[in-house]
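Positions in the sequence shown are counted from 1; adding 249 to them yields my numbering. Even for Gly, the Cβ is constructed at its ideal location relative to N, Cα and C. Small disclaimer: the values here were computed from a predicted structure and weren't measured. Accompanying notes for the structure given below.
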Amino acid sequence: MSIKKKKVRPRPAPAPLGTPHPYLNARRSWNSHVGSLIASRTLWQAMALISMLVAFAAVGGVVYIGSQSKFVPYVVEVNALGEAMAVAPASEASKVDQRIVRASVAEFIVNARTVTPDIAMQRRAIFKVYALMGSGSVSTRKMTAYLNGTPDTNPFKRAEKQTVNVEIVSAIPQTSTTWQVDWIETQRTRKGEIMGKPYRMRALLNVNSNAVPPDASDDQIRLNPMGIYISDYSWSKQF
Numbered sequence: 250m251s252i253k254k255k256k257v258r259p260r261p262a263p264a265p266l267g268t269p270h271p272y273l274n275a276r277r278s279w280n281s282h283v284g285s286l287i288a289s290r291t292l293w294q295a296m297a298l299i300s301m302l303v304a305f306a307a308v309g310g311v312v313y314i315g316s317q318s319k320f321v322p323y324v325v326e327v328n329a330l331g332e333a334m335a336v337a338p339a340s341e342a343s344k345v346d347q348r349i350v351r352a353s354v355a356e357f358i359v360n361a362r363t364v365t366p367d368i369a370m371q372r373r374a375i376f377k378v379y380a381l382m383g384s385g386s387v388s389t390r391k392m393t394a395y396l397n398g399t400p401d402t403n404p405f406k407r408a409e410k411q412t413v414n415v416e417i418v419s420a421i422p423q424t425s426t427t428w429q430v431d432w433i434e435t436q437r438t439r440k441g442e443i444m445g446k447p448y449r450m451r452a453l454l455n456v457n458s459n460a461v462p463p464d465a466s467d468d469q470i471r472l473n474p475m476g477i478y479i480s481d482y483s484w485s486k487q488f
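Written out as structure tokens, the structure is:
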């Protein structure tokens, strides 16, 4: 019995590193090409986004500049003879003096609570009251309901039988926007006789300064040139 030795075929030696290979070379070339395309796309997208932001900022700036008034108001001070004494550009309105606010809230109470048989004077007082309230404000709705309410609150109806005199006692700020006003009311008959004992009243008013509403009429601006507006109020009798 003979035993034949199986011949072992030698395996091919692996290709040394760095040996050119068509498939690998093509893959490397493709990856390099795609990578450069992706990098280029990312770059131009970033540049496009930056350009859009710059364009939006530029357009917004142009719109803002275009919306600004091109007119510069000047204040001219004259003497008793009408001669110009000083000329200067008008600056933005400063904060309203507390004394002016105090006078305005006191006038509001006097005009709102006074009852007089003089119809023209009564109408003028009501016009002044509404000039100190913004259109559509809470105070306007309250005042309209009060003046058009019962005969005991309607000043024209009350004036048929009596008059009401208002004497301001004090007007004191409670906060930066709230004022407290105290006053005494005296009722008289149409003959001038006092009806009952004079009584004290107190009101709390929410006040906004330099807040002229855009829909203010010329009459409102004329009657309220300082732009002092009462947004809300409440009053009651003191015992």
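Range of the contiguous beta strand (DSSP E) that encloses residue i
i    : result
Q237 : Only positions 250 to 488 of the chain appear in this structure, which leaves residue 237 out of reach.
Q487 : 477-487
Limits of the unbroken alpha helix (DSSP H) element including residue i
i    : result
N360 : 347-362
Q469 : 467-472
Residue i, DSSP secondary structure in three states
i    : result
Q411 : strand
P404 : helix
M450 : strand
Y395 : helix
Q371 : helix
S458 : strand
According to DSSP, residues forming a beta bridge with residue i
i    : result
I443 : R437
I245 : Given that the chain is displayed from residue 250 to residue 488, the structure contains no residue 245 and the question cannot be resolved.
P422 : W428
Alpha carbon of residue i to alpha carbon of residue j, nearest angstrom
i    : j    : result
V303 : A297 : 10 angstroms
V415 : S425 : 26 angstroms
A374 : Y313 : 42 angstroms
I287 : S281 : 10 angstroms
F376 : W432 : 21 angstroms
R449 : V311 : 58 angstroms
P474 : Q347 : 15 angstroms
V413 : Q317 : 49 angstroms
F488 : R451 : 10 angstroms
K410 : I349 : 35 angstroms
G476 : I470 : 8 angstroms
Q294 : G315 : 31 angstroms
Supposed contact pair residue j and residue i - C-beta distance, whole angstroms, cut 8 angstroms
i    : j    : result
K404 : V364 : Here residue 404 is Pro; the residue named in the question, Lys, does not match the sequence. Contact flag correct, Cβ pair sits at about 5 angstroms.
V378 : A361 : 5 angstroms
L454 : I479 : 5 angstroms
A355 : I417 : 5 angstroms
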